[in-house]
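The structure appears below as structure tokens.
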Amino acid sequence: MFDSTLRQALLSHLADRGFNLTGVASAARFDSLAPPGRRLRDRWAGVRSAVVFATGGHAFWDEVLPRALGRSPAGLDDPIDDYSRHIGLETLAIVRRHGARGKCCHPFGGEEGEGAAGTRRATGDGRRGTELPNPKPRTPSPGRGGSSPPPDEAAAISFPRLAEAAGLGAARTVLGILIHPVYGPWVSLRGALLVDEDLEPTPAADFDPCPACEKPCLAACPVSAFHPELPWDAGACAAHLAASEECHAGCLSRMACVVGPEHRYSPAEYRHRHRLTVETLLGRAGARRLEAKL
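Position one of the sequence shown corresponds to residue -1 (the working numbering), numbered consecutively onward.
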């Protein structure tokens, strides 16, 4: 039997906190299709359902974060990640109040809850008005620089595939990223709350945009880093970013996607998000050169 009360409490709270894309996936169903080492039960043996939360479009940056922070998010270190972690802790508090257990994993690294290394207890009570941690000025982020990103405890989970299982769009796309029927590629996956209760899964989205598309995204890439049948060539992107300023403002292929162009991030938001990608691909020194040019 599904726990409808807990499901509704979690989805309502996430929506209230500005996450306009949420869905529920069955852990057993997801794990049956995932290879060993990339299953939800590899992260936590007690999981039975996963609540995925994400943002679509530019309203999160333009409206939600300024309201939560009391200022513009521009110039802060990681306001999107910090806020997502904070809300993850709030959802864990809701899970505990319902007598269940949970664990929150993030695609950008880190986890809280059951069995998490360095677990922090959820201190927020899940109600409006819970304060955020003090925002930090932008400084180079430890671990995002260097030729290799730091180990990511949640990296084994394919978040695009999990979001697809939770009904948030299509993950098997030419660009290798989740594409939503309305917001297109302008979706930011923020976390997955794993719970030890059976929650009713969200129906799968009947959406597969790439096969019938003319794929302008392929022609837009100056180094042909994307191919319908091959993984993304991150090395080609890194080499081009180091040699040219052409893609410093954002991924040209992503901007060429024909789905949801009206929901594209603002220049300030995309500059923030894209810089983190550049830090990973080029290392901290490359990111500093990019910051000077911007």
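Note that CB positions come from ideal geometry on N, CA and C, so glycine has one too.
With a floor of 4 residues, list each alpha helix (DSSP H) that falls wholly inside the segment 42 to 116, ordered by position along the chain. Segments of the alpha helix (DSSP H) lying fully in the segment 42 to 116: 63 to 67, 77 to 95.
Thinking C-alpha only, which one of 60, 6, 36, 37 is nearest residue 270? In this structure, 60 is the residue among 60, 6, 36, 37 with its C-alpha nearest to the C-alpha of residue 270.
Could you compute how far the alpha carbon of residue 87 sits from the alpha carbon of residue 189? So the two alpha carbons sit approximately 11 Å from each other.
Local Cβ density within 10 Å of residue 3, reported as buried at 16 or more and exposed below that: Burial state of residue 3 is exposed, judged by a 10 Å Cβ sphere holding fewer than 16 other Cβ atoms.
Cβ neighbours of residue 8 in the same chain (closer than 7 Å, five flanking residues each side left out): Hits under 7 Å: 49, 89, 92, 191.
Could you tell me the boundaries of the alpha helix (DSSP H) in which residue 262 lies? Element bounds for residue 262: n/a, residue is neither H nor E.
Residue 279 in three-state terms, based on DSSP: Note: residue 279 maps to helix in three-state DSSP.
Would you call the CB atoms of residue 81 and residue 66 closer than 8 Å? Yes, Cβ-Cβ distance for residue 81 and residue 66 is below 8 Å.
Check whether the Cβ atoms of residue 54 and residue 185 sit closer than 8 Å, and answer yes or no. Yes, Cβ-Cβ distance for residue 54 and residue 185 is below 8 Å.
Euclidean distance between Cα positions of residue 248 and residue 38: If I take the Cα positions, the gap works out to 32 Å.
Residue 264 to residue 275, Cα distance in whole Å? Answer to the nearest angstrom: the Cα atoms are 17 Å apart.
Taking the CB atoms as reference points, tell me whether residue 174 and residue 203 lie closer together than 8 Å. Contact: no.
Taking the alpha-carbon positions, what's the residue 158 to residue 187 distance? Rounded to whole angstroms, residue 158 to residue 187 spans 8 Å at the Cα level.
Quick check on this structure: which residue in 209, 225, 210, 5 has the alpha carbon closest to the alpha carbon of residue 216? For residue 216, the closest alpha carbon among the candidates 209, 225, 210, 5 is that of 225.
Residue burial classification, residue 105 (beta-carbon count within 10 angstroms, cutoff 16): With 16 or more other Cβ atoms within 10 Å, it is buried.
Rounded separation between residue 162 and residue 52 - CA only: Rounded to the nearest whole angstrom, the CA to CA distance from residue 162 to residue 52 is 12 Å.
Identity of the residue in 77, 257, 250 nearest residue 210 by Cα: Looking from the CA of residue 210, the closest CA among 77, 257, 250 belongs to 257.
Apply the 10 Å Cβ neighbour rule to residue 25 and answer buried if 16 or more other Cβ atoms are within range, or exposed otherwise. Classification for residue 25: buried.
The beta strand (DSSP E) enclosing residue 190, as first and last residue numbers: Note, residue 190: beta strand (DSSP E), 185 to 193.
Around the C-beta of residue 95, are 16 or more other C-beta atoms found within 10 angstroms, so that it is buried, or is it exposed? By the neighbour-count criterion, in which 16 or more other beta carbons inside 10 Å mark a residue as buried, residue 95 falls on the exposed side.
Alpha carbon of residue 69 to alpha carbon of residue 227, nearest angstrom: C-alpha separation (whole angstroms): 44 Å.
Grab the span of the alpha helix (DSSP H) containing residue 233 for me, first residue to last. That run of the alpha helix (DSSP H) goes 232 to 241.
What residues in its chain sit with their C-beta under 6 Å from that of residue 176, if we drop five residues either side in the sequence? Setting aside the 5 residues that flank it on each side, residue 176 is surrounded in the same chain by 158, 161, 167, 169, 185, each with a C-beta closer than 6 Å to its C-beta; the list follows chain order.
Opposing strand residues paired with residue 200 [DSSP bridges]: Per DSSP, none; premise fails for residue 200.
Name the two residues that bound the continuous alpha helix (DSSP H) containing residue 2. 2 to 14 is the span of the alpha helix (DSSP H), which, as asked, contains residue 2.
Taking the alpha carbon of residue 84 as the reference point, which residue from 110, 72, 19 has its own alpha carbon closest? Selected option, being the one with the closest Cα: 110.
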